[in-house]
Amino acid sequence: MSTLLGRRARPFLPAVRTLHERVRFCSRCASVWEARSGQDGERAAERVCPACGMGVLLSASSDALPGEGAAFVIATDDLRVSAVSKAAERLFGVPEPELIGTRLLRLMTSPEGDDELALRVSRAAYGTRAVRPIQIRLLLGQRPAFARLDARIASCGPPRGALVALEPLAASLP
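For our numbering, count along the sequence shown from 1 and bump the result up by 76.
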């Protein structure tokens, strides 16, 4: 028997915290709360955002969200939009009800290829914990066609989905 194995043939590992802290955030207004804060003990059971009263509280890696009020899209494993933050709604220039159910690849594309974007989003929707950066171009909205945004793709939930957080403009032609 290995010295690393305990009596039940399980590896002996101390309780390890995840590399990335989890935060709770609103799917609509993008308000952010620490997932483990003591004062929010009752918030853990809440599902509706106490700040706006319209969004669902979801959990994601803290480094997936750019910050409070972020622009993001929540997508399902079949690449359909299930929620859009207010900031993303403004970015696309389309109200959320019209975006729900839309295929993600009708809203954005990537210089790395649509297949790569689809692969990263579907993996995140299935629960992959890693935060994957990718550059995207918006296909809707007020942004010029050459403008690129940085995006972070990560899992979120419950219910399980992919968070596509949009960063400020990274590069554009003068």
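Glycine included, C-beta positions come from ideal geometry on N, C-alpha and C.
Computed from a prediction, not measured in an experiment: that's the story for all the values here.
For residue i, is the beta carbon positioned less than 7 Å from some heavy atom of the ligand NAP?
i	result
residue 103	Because no ligand of any kind appears in the structure shown, any question about the ligand NAP cannot be addressed here.
Let's see if you can read the secondary structure: which residues bound the alpha helix (DSSP H) around residue i?
i	result
residue 251	Here the chain has residues from 77 to 250 only, and residue 251 is not among them.
residue 198	190-201
residue 97	Counting along the chain, residue 97 falls outside any alpha helix (DSSP H), and DSSP gives it neither H nor E.
residue 163	162-168
residue 175	172-175
Within 10 angstroms of its Cβ, does residue i collect 16 or more other Cβ (buried), or is it exposed?
i	result
residue 215	exposed
residue 124	exposed
residue 82	Its pLDDT being 43, under 50, residue 82 is placed unreliably in this model, and the value from its coordinates should be taken loosely. By the 10 Å Cβ count, residue 82 comes out exposed.
residue 130	exposed
residue 176	exposed
residue 182	exposed
residue 258	What is shown of the chain runs 77 to 250, which leaves residue 258 out entirely.
residue 115	In this prediction, residue 115 scores a pLDDT of 46, lower than 50, which makes its location untrustworthy; the coordinate-derived value is nonetheless stated afterwards. By the neighbour-count rule (16 or more Cβ atoms within 10 Å), residue 115 is not buried but exposed.
Under 6 Å Cβ to Cβ from residue i, same chain only, skipping five residues before and after it: list those, please.
i	result
residue 106	145, 146 and 161
Answer yes or no: do residue i and residue j have a C-beta to C-beta separation smaller than 8 Å?
i	j	result
residue 224	residue 208	no
residue 188	residue 210	yes
Which whole-angstrom value is the C-beta distance of residue i and residue j, which I expect to be below 8 Å?
i	j	result
residue 40	residue 100	With the chain covering 77 to 250 only, the question about residue 40 has no answer from this structure.
residue 180	residue 157	6 Å
residue 213	residue 184	7 Å
Check for me: the beta strand (DSSP E) holding residue i runs from which residue to which?
i	result
residue 228	224-233
residue 142	Unbroken run through residue 142: none, as it is neither H nor E.
residue 209	208-214
residue 147	147-151
residue 108	108-110
Just to confirm my understanding: we take residue i, look at its own chain, exclude 5 residues before and 5 after, and list those with CB closer than 8 Å. What are they?
i	result
residue 171	165
residue 234	134 and 135
residue 143	108
I'd like the list of long-range same chain contacts for residue i, defined as Cβ closer than 7 Å, with 5 residues on each side in sequence excluded.
i	result
residue 237	150, 151, 152, 158 and 201
residue 155	179, 180, 181, 194, 197 and 198
residue 122	133
residue 190	181
residue 102	125, 127, 128, 131 and 133
residue 226	209, 211, 243 and 246
residue 163	106, 145, 146 and 147
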